[in-house]
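Residue numbers (the UniProt record's numbering): 1 to 193.
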């Protein structure tokens, strides 16, 4: 897992340790669909707020029904795939890790969505058109360091929605389940250098 400086310290370190301790491929069920998760690819079983975000994202996709959807940092690709199943016509997903790209491609192939979901290895993909949304957890990561990343890349962000997970959302790592803060942001302006 690359580019992890913004989650160092506290809960982020605990979760990263748990994720990297998983040494075998695992299969998980998300929204009624089966997904393979490779070792060293983010595994939502260690941080249940991730699945809460997935539900929130799918509600947004079902409402907007976007022609194109972009996911940065796809990991195993389950959000991109579920986006395609829930209303997005075409999905492009990216990750900086080749292992994650391979993992996402296997899941895309398993769900026979190669004609609608594309995965690309990229550390930063700038969308020229459309809308870009992403989620950020202030419980898991440092908002100050994330703001530095946004400033470095000339992103102007707008908070679209904030969530706090509840006990009912906690299906895994107890310290991260209930009470986790999650914000969905939209990149509303990109300034190219």
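Cβ atoms here follow ideal geometry from the backbone N, Cα and C, with glycine treated the same way. All figures in this text were calculated on a predicted structure; none of them were measured in a lab.
Check: Per DSSP, cross-strand counterpart(s) of residue 34; Outcome: 29
Check: Alpha carbon of residue 30 to alpha carbon of residue 36, nearest angstrom; Outcome: 11 Å
Check: Other residues of its chain near residue 88: CB distance less than 7 Å, five sequence neighbours each side excluded; Outcome: 61, 66 and 69
Check: Rounded distance between the beta-carbons of residue 95 and residue 114, thought under 8 Å; Outcome: Their Cβ separation, rounded to whole angstroms, is 17 Å, which puts residue 114 and residue 95 out of contact at 8 Å.
Check: Uninterrupted alpha helix (DSSP H) stretches inside the segment 34-90 (no shorter than 4 residues); Outcome: 49-64 and 78-85
Check: Exposure of residue 107, with buried meaning 16 or more beta-carbon neighbours within 10 Å; Outcome: buried
Check: Buried versus exposed, by CB contacts within 10 Å (16 or more), residue 43; Outcome: buried
Check: Under the three-state DSSP convention, the category residue 102 falls into; Outcome: helix
Check: Per-residue DSSP class, three states only, for residue 161; Outcome: strand
Check: Same chain only: Cβ atoms within 7 Å of residue 159, ignoring 5 sequence neighbours per side; Outcome: 183 and 185
Check: Residue span of the alpha helix (DSSP H) that contains residue 149, given as start and end; Outcome: 143-152
Check: Residue 187, DSSP secondary structure in three states; Outcome: strand
Check: Top-ranked residue by Cα proximity to residue 99, from 83, 156 and 73; Outcome: 73
Check: Residue 108 (DSSP reduced to helix, strand or coil); Outcome: helix
Check: Run of the beta strand (DSSP E) containing residue 116, from where it starts to where it stops; Outcome: No beta strand (DSSP E) holds residue 116; DSSP gives it neither H nor E.
Check: Among 84, 119, 102 and 150, nearest to residue 41 - alpha-carbon criterion; Outcome: 102
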